[in-house]
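Trainee: Mind having a look at this structure? Questions to follow.
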Amino acid sequence: MVSLSDVRFSWTSQSTQAPSHPTLDPTLDIESFNLRRGERLFLYGPSGSGKSTLLSVIAAILKPQAGSIRVNNTEIQQLSGVASDQFRADNIGLVFQQFNLLPFMSVVDNVTLPCRFSGRKRSAVLSSGGSLRSEAIRLLEAMQLPDTLFNSRKTMQLSVGQQQRVAVARALMGQPPLLIADEPTSSLDTQARVAFLDLLFAELDRSKSSLLFVSHDESLKHLFDRSISLNEINHASVHAVASD
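Take a look at the structure:
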């Protein structure tokens with residue numbers, strides 16, 4: 157599902173000694189990284205280690221300066237900006253750290269939103285014989301949200317835990333081949349995190365989606381098929397430690 161080879165990404169900064177010449181501060185230097193189809197992979201590392209940057213590169217939000225990134229049989233680093241946006245809309249479900257729900261829309265409208273931008277996801281829902289609304293409600297119920305919230309409540313009126321579940325339902329809409337979740341359980345206690353993951357895994361079994369789950373909480377990694385420390389595969393972090 158995901159394959160990275162010799163990927164290097166750097167944020168441009170300005171040198172204080174020579175402000176007219178930009179320098180590159182390496183954030184990612186990854187020789188190899190793979191996620192198998194249907195796999196649930198737990199990627200962990202401390203805050204600031206580049207986890208969110210890596211997710212943005214895999215999701216075709218950021219383009220690396222070097223290397224090859226293949227997602228669902230597509231070399232995404234070669235896509236134009238517009239093509240990258242469409243590829244992401246068609247193939248990836250994203251759960252952001254801050255959820256990024258639209259506060260002026262209802263819960264159901266937030267969940268159906270991906271199908272406005274992706275014909276592939278829309279077709280996947282409609283081909284099952286249901287409607288966009290019925291699939292959104294099914295996902296919200298799978299996330300154990302009460303039906304009293306679906307229509308009358310705007311997302312800004314929800315609790316953090318409820319917003320989190322709406323964000324996951326939205327990411328799962330249209331059965332994307334790849335689900336990427338960036339610290340989605342950081343606001344929950346340990347018991348609530350495990351219960352939440354049980355709900356997520358049950359839905360992944362149904363959709364057959366691959367999962368790349370990122371967190372700094374290593375206590376969760378035994379729940380996944382495989383776990384990887386970003387510091388073990390990211391040579392940029394080794395260089396940073398050596399230079400300190």
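The opening position of the sequence shown corresponds to residue 157 in this note's numbering, with each subsequent residue numbered one higher. Glycine is no exception: its CB is placed at the ideal position from the N, C-alpha and C atoms.
Indicate, with yes or no, if the ligand HEM has a heavy atom lying under 7 Å from the CB of L184.
Mentor: For the structure depicted, the ligand HEM is absent and the ligand set is empty, with no information on it obtainable.
Trainee: According to the Cβ coordinates, are L335 and S365 closer than 8 Å?
Mentor: Against a cut-off of 8 Å, the Cβ pair of S365 and L335 comes out as a contact.
Trainee: Which residues in the same chain have their Cβ closer than 8 Å to the Cβ of V322, if we skip the five residues on either side of it in sequence?
Mentor: Only F255, L257, V263, N266, V267, L296, M299, L301, T311 and L314 meet the Cβ criterion.
Trainee: When you compare only the Cα positions, how much space is there between A392 and V281?
Mentor: Taking the straight line joining both Cα atoms gives about 41 Å.
Trainee: Taking the runs of the alpha helix (DSSP H) that are 4 residues or longer, which of them lie wholly in the region 313-361?
Mentor: Whole alpha helix (DSSP H) segments, 4+ residues: 316-328.
Trainee: So S240 and A216 are in contact, right, with Cβ under 8 Å, and what is the actual spacing, rounded?
Mentor: S240 to A216, Cβ: 4 Å. Contact.
Trainee: What separation, rounded to the nearest whole angstrom, lies between the Cα atoms of L235 and L344?
Mentor: One C-alpha to the other measures close to 37 Å.
Trainee: Can you tell me which of the three DSSP states W167 falls into?
Mentor: Reduced to three states, the DSSP call for W167 is strand.
Trainee: Looking at the structure shown, is H177 part of a helix, part of a strand, or coil, going by DSSP?
Mentor: Caution is warranted here: a pLDDT of 43 is assigned to H177, below 50, making its placement in the model unreliable, and no coordinate value can be reported.
Trainee: Note down, in chain order, each residue of its chain lying with its Cβ closer than 8 Å to the Cβ of D381, except the 5 sequence neighbours on either side.
Mentor: So the qualifying residues of the chain are E195, R196 and L197.
Trainee: Can you tell me whether G204 is buried or exposed? The criterion is at least 16 other CB atoms within 10 Å of its CB, across all chains shown.
Mentor: Flag for G204 reads exposed.
Trainee: Need the endpoints of the beta strand (DSSP E) that L269 sits in, please.
Mentor: That residue, L269, is in no beta strand (DSSP E); it is neither H nor E in DSSP.
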